[in-house]
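Undergrad:
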Amino acid sequence: MRHPHRLARVVGAVAVAALALTACGTDSSGSGDGKPAVVASTDVYGAIAKAVAGGDADVTSLFANPTGDPHEFEPSAQDTLKVKKAAVLVYNGGHYDAYMEKAAEGAAAAKVDAVAQQAPQGENEHVFYDLPTMQKVATAVAKALSDKDGAHREGYENRAKEFGTKLDGVIAQARAIGHANPGVKIAATEPVAGYLLSLAGLNDVAPARYTAAIESGTDPAPADIAAANALVSGKQVRAVVLNSQTESPVTAALAKTAETAGVPVVKVTESLPAGVDDYVAWQAGNVKALSDALAPRP
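With the working numbering applied, the sequence shown covers 1420 to 1717.
So this is what it looks like as structure tokens:
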């Protein structure tokens, strides 16, 4: 979900913190144990970085709250100092994590911007659900770490390849959903998982004005709410995809409508769920949830 006013406030907070930290020490570009320091904007990108880093680099995620909204995150001065001292920064880009983009402007670290890895670039900022692009992010992290720490280049490159191979399996599972359910319609309350839904061959028919309002953090117009509920109550969709991290009374009501109609609700998140610290496992779980929701019922 995108909250423009909150993002502007966060960018301002980072700028002030960055100015306060300009004179703070030297840039070691490493952690206390001598390993390269990687700072990720969220735990999603932190998980990808950890998969590549193994034990050869230290990874810190600024936002790691399974029940919070990453758009509302305001980094502390200490967070900004971590960015300043990092060897590698990994973030979404596209103004999704504007606090990191702003802090990265004055940092000497190598920068891995996920949106910049996407080709062709889409309008949906939630590229962490674009699995092929996340394979490219892992490769870019391996290169950035190798440039900073050539002694462990082979390890970084091998782990990035292993990550990509594992994600190939999840990509195949996602595509299998579309093969088994050609042309199936679903309704997503907002486009958080849009790239994954497209990969799975699913047709999101939720009213555009409804999803735009939810994504911007406002309530849709009554007519758009009625249209979304009619889709679900009339069983014109096979599943509802809901961002559980930013659930509102409006989306909760749609989920209730789905429950009453017997339409499955698939919950997705913008950060790793509690108890999950592996990106591939997280996305494999999302794919399984979609597959189970669309499975034939007796």
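For every residue, glycine included, the Cβ atom is placed at its ideal position computed from N, Cα and C.
Here's a check: name, in chain order, each residue in its chain whose Cβ is nearer than 7 Å to the Cβ of T1445, leaving out the five neighbours to either side.
TA: Only weak support is given to the placement of T1445: the predicted model assigns it a pLDDT of 36, under 50, and the question is left unresolved by the model.
Undergrad: Residues in its own chain within less than 6 Å of M1519 by CB, not counting five upstream and five downstream?
TA: S1460 and Y1510.
Undergrad: Buried or exposed: where does N1648 fall if 16 or more other Cβ atoms within 10 Å of its Cβ makes it buried?
TA: It counts as buried.
Undergrad: Can you tell me which of L1508, Q1497, A1538 and A1526 puts its alpha carbon nearest to the alpha carbon of Y1464?
TA: Ranking L1508, Q1497, A1538 and A1526 by Cα distance to Y1464 puts L1508 first.
Undergrad: Expressed to the nearest angstrom, what Euclidean distance is found between the alpha-carbon atoms of K1562 and H1571?
TA: Using only the alpha carbons, I get a separation of about 11 Å.
Undergrad: Helix, strand or coil for V1682 per DSSP?
TA: Coil.
Undergrad: With H, G and I counted as helix, E and B as strand and the rest as coil, what does DSSP make of P1720?
TA: Residue 1720 falls outside the range modelled here, since the chain spans only 1420 to 1717, and no answer is possible.
Undergrad: I'd like the span of the alpha helix (DSSP H) that includes A1561, first residue to last.
TA: From DSSP, the alpha helix (DSSP H) with A1561 extends over L1550 to K1567.
Undergrad: What does V1507 pair with, by DSSP beta-bridge criteria?
TA: According to DSSP, which records beta bridges pairwise, V1507 is partnered with V1457 and A1529.
Undergrad: Which two residues bound the contiguous beta strand (DSSP E) that contains K1604?
TA: Taken as a continuous stretch (DSSP letters only), the beta strand (DSSP E) holding K1604 covers K1604 to A1607.
Undergrad: Return the residue from the list L1709, V1699 and W1701 that minimises the CA-CA distance to V1684.
TA: The residue with the shortest Cα to Cα distance from V1684 is L1709.
Undergrad: Is the separation between the beta-carbon of V1682 and that of V1659 shorter than 8 Å?
TA: Yes, these two residues count as a Cβ contact at 8 Å.
Undergrad: Does the beta-carbon of N1577 have 16 or more other beta-carbons within 10 angstroms, so that it is buried, or is it exposed?
TA: So N1577 ends up on the exposed side.
Undergrad: Who are the Cβ neighbours of Q1592 in its own chain at under 6 Å, not counting the five residues just before and after it?
TA: Hits under 6 Å: V1706.
Undergrad: Output the boundary residues of the beta strand (DSSP E) element that contains F1582.
TA: From DSSP, F1582 is part of no beta strand (DSSP E) but of the alpha helix (DSSP H) over R1572 to A1599.
Undergrad: Quick one: give me the first and last residue of the beta strand (DSSP E) that S1480 is part of.
TA: That run of the beta strand (DSSP E) goes D1477 to F1482.
Undergrad: Give the straight-line distance between the Cα atoms of E1491 and N1484, rounded to the nearest whole angstrom.
TA: Roughly 11 Å separates the two Cα atoms.
Undergrad: My guess is that D1643 and P1626 are in contact by the Cβ rule of under 8 Å, so how many angstroms apart are they, rounded?
TA: Contact flag correct, Cβ pair sits at about 5 Å.
Undergrad: With DSSP run on the structure shown, which of helix, strand or coil describes T1445?
TA: Reliability fails at T1445, whose pLDDT of 36 lies under 50, so the model's placement of it is uncertain and no value is given.
Undergrad: Can you give the Cα-Cα distance for G1636 and A1522, rounded to whole angstroms?
TA: Each residue's alpha carbon lies about 25 Å from the other.
Undergrad: When you compare each of A1505, D1696, E1689 and P1715 to G1548 by their alpha carbons, which one comes out closest?
TA: In the sequence on display, residue 1548 carries Tyr and not Gly. For the residues A1505, D1696, E1689 and P1715, the minimum Cα distance to Y1548 belongs to E1689.
Undergrad: Below 8 Å CB to CB, which residues in the same chain sit around V1471 once its five sequence neighbours on both sides are set aside?
TA: Hits under 8 Å: A1557, V1560, A1561, L1564, Y1575, R1578, A1579 and F1582.
Undergrad: I'd like to check one pair, A1714 with V1656: are the Cβ atoms closer than 8 Å?
TA: No.
Undergrad: Please classify L1500: does DSSP put it in a helix, a strand, or coil?
TA: Three-state result, L1500: helix.
Undergrad: Which residue or residues does DSSP assign as beta-bridge partners of D1462?
TA: For D1462, which the question treats as bridged, DSSP gives no partner whatsoever.
Undergrad: Given a cut-off of 8 Å, decide if V1546 and Q1537 are closer than it, judged by their beta-carbon atoms.
TA: Yes, these two residues count as a Cβ contact at 8 Å.
Undergrad: Can you pull the DSSP bridge partners for L1661?
TA: L1661 pairs with K1686.
Undergrad: Looking at the unbroken alpha helix (DSSP H) that takes in T1630, where does it start and where does it end?
TA: A1627 to S1635 is the extent of the alpha helix (DSSP H) around T1630.
Undergrad: Using 8 Å for Cβ pairs, my map puts Y1698 next to A1466. What's the rounded Cβ distance?
TA: Indeed they touch by this definition, with Cβ atoms about 4 Å apart.
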